[in-house]
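To convert, take the position in the sequence shown, counting from 1, and add 622; that gives our numbering. Here a beta-carbon is modelled for each residue, glycine too, at the ideal position from N, C-alpha and C.
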Amino acid sequence: MQLFYAIFFFTSTLFGGDFLPKTPPQAVGFDPDRLARIDAFLDQQVKEKQIAGAVGLIVRKGKLVYLAAHGFADIEQNIPMRTDHLFRIASMTKPITSVAAMMLYEEGKFRLSDPLHRYLPEFSSMKVLEVDPETGTQTEVDARSPILVRHLLNHTAGFTYHWNPVLGPRYKKAGIGHGLDQLDEDLAPNMKRLAKLPLVQHPGQGFHYGLSVDVLGYLVEKVSGMPLDRFFQERIFRPLGMTDTHFYPPGKKHERLTEIYARGNNELTPLGTADYTLGSLTYSADYPVNGPTRFFSGGAGLTSTVTDFARFLEMLRRGGEWNGKRLLGRKTIELMTTDSLGDRDPAFGLGFGLGFSVTRSLAEAGEYASVGNYGWGGFWHTLFFVDPVEDMYAVMMSQVFPVPGTDTRSVFSNLVYQALVGD
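Right under this line is the structure:
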């Protein structure tokens, strides 16, 4: 164990882990021997070709207690995984876009109860596609109520994704982007085409995961007068020191971008530069590297490192401020991380606030958690959670699709909690 933590302290300093003070795990309630189970598990996942590699991080009480890389960033090129490797974080972009929107909300640019069409008039006359369950007949009807700004933040607006069997083909035909593809246009024309298509449900009816946060990114652009990438850079990334988070990594940073692998038949196959199709969803692993660099997907487009993303989480842990910079007020963080769904359909079995899933009860969570946990994951196999009760957060990033049958992310989360033995 002493050798492992000597290596941990060296590599965390060398590759970006010096953003927070380090401490021996037992000083903040972690059992080092139990913490080592994470390493054994991730090494086994690599050996069994469930994943090519992964990076994990744990912070408790503002102290870095775990940062480790396992396996390979690129198997074919024999490149070992490092803690400074870049990952496509996909839907972990959504919380960052949500924070951007709430910064503008704090400035009085809009209210959460405002109709969206007040700022984006193209969304003023929305239709809803109703499908007869017996005949399959499709009918477009007027939405019963307008989309509100808060509906974008908690996925109750009625947008869906391309994998939806009913609206997915129409999204594809209209050329609607989703962030995991190469689109040679700005965000605005894409969102204007989306506004012409029907919703999958009436606004506010229930949680339905989809392009809501891409629309939210468009709202950020409109009310701030800045492209989304510039807003992120000037208002979030630069103040927090997030120097490795980009829509399109510049220059030689491409060399640190990990390969994505498809898993099947106990083998890992690199996705490379090809396009792939899942229903009506066409996606690519190549979008951050080659092709156009104009489309800024607020729902899926960012790349980052584990330690860069941890800077964002440290800001949330501290109630909206870090590194001498305040992005949000503490009451805003409280609002964002409180369940807003109530008795409506849950978000994949959990509550949902304004940008984050929220654990409403341990019975509902079904595994290790604390009431009030919040977090999210990404398409390419990434995960984070923040536990305010335990004053802790964790991040795990890998790059594989489809995800393994034994979900590396959920086991990683469980292993974090089983290692926590003290106050």
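Along the stretch 865-901, the beta strand (DSSP E) occurs as fully enclosed runs of 3 or more residues at 883-886, 889-892, 897-900, listed in sequence order.
If you ignore the 5 residues before and after residue 881, its C-beta comes within less than 6 angstroms of the C-beta of 696, 892, all in its own chain and listed in chain order. Going by DSSP, residue 680 is part of the beta strand (DSSP E) stretching over 675-682. Cβ-Cβ distances below 8 angstroms link residue 961 to 973, 974, 975, 980, 982 in the same chain, with the five nearest sequence neighbours on each side left out; the list follows chain order.
Around residue 934, the same chain offers 718, 862, 864 as residues with beta carbons nearer than 7 angstroms, after the five sequence neighbours per side are excluded.
The Cβ-Cβ distance between residue 687 and residue 647 falls below 8 angstroms.
Rounded to the nearest angstrom, the Cβ distance from residue 801 to residue 902 is 15 angstroms, too far for a contact under 8 angstroms. Across the structure, residue 748 and residue 740 are spaced so that their CA atoms are roughly 14 angstroms apart. Residue 990 is positioned such that its CB atom lies no closer than 8 angstroms to that of residue 1008.
Pairing residue 858 with residue 721 gives a Cβ-Cβ distance under 8 angstroms.
If you ignore the 5 residues before and after residue 817, its C-beta comes within less than 8 angstroms of the C-beta of 742, 744, 745, 748, all in its own chain and listed in chain order. The alpha carbon of residue 726 has as its nearest neighbour, out of 940, 988, 786, 950, the alpha carbon of 950. Contact between the stretch 781-794 and the stretch 841-850 is absent: fewer than three C-beta pairs spanning the two stretches fall below 8 angstroms. A check of alpha carbon separations from residue 738 across 757, 773, 707, 698 identifies 773 as the nearest. Contact between the stretch 934-943 and the stretch 807-821 is not established, with fewer than three Cβ pairs separated by less than 8 angstroms. DSSP places residue 701 within a strand segment (E or B) once states are collapsed to three.
If only uninterrupted alpha helix (DSSP H) runs of at least 4 residues are considered, those enclosed by the stretch 690-741 are 715-728. The beta carbon of residue 807 is closer than 7 angstroms to those of 916, 917 in its chain, skipping five residues each way along the sequence. Counting only residues of its own chain and dropping the five nearest sequence neighbours on each side, residue 731 has a CB closer than 7 angstroms to the CB of 845.
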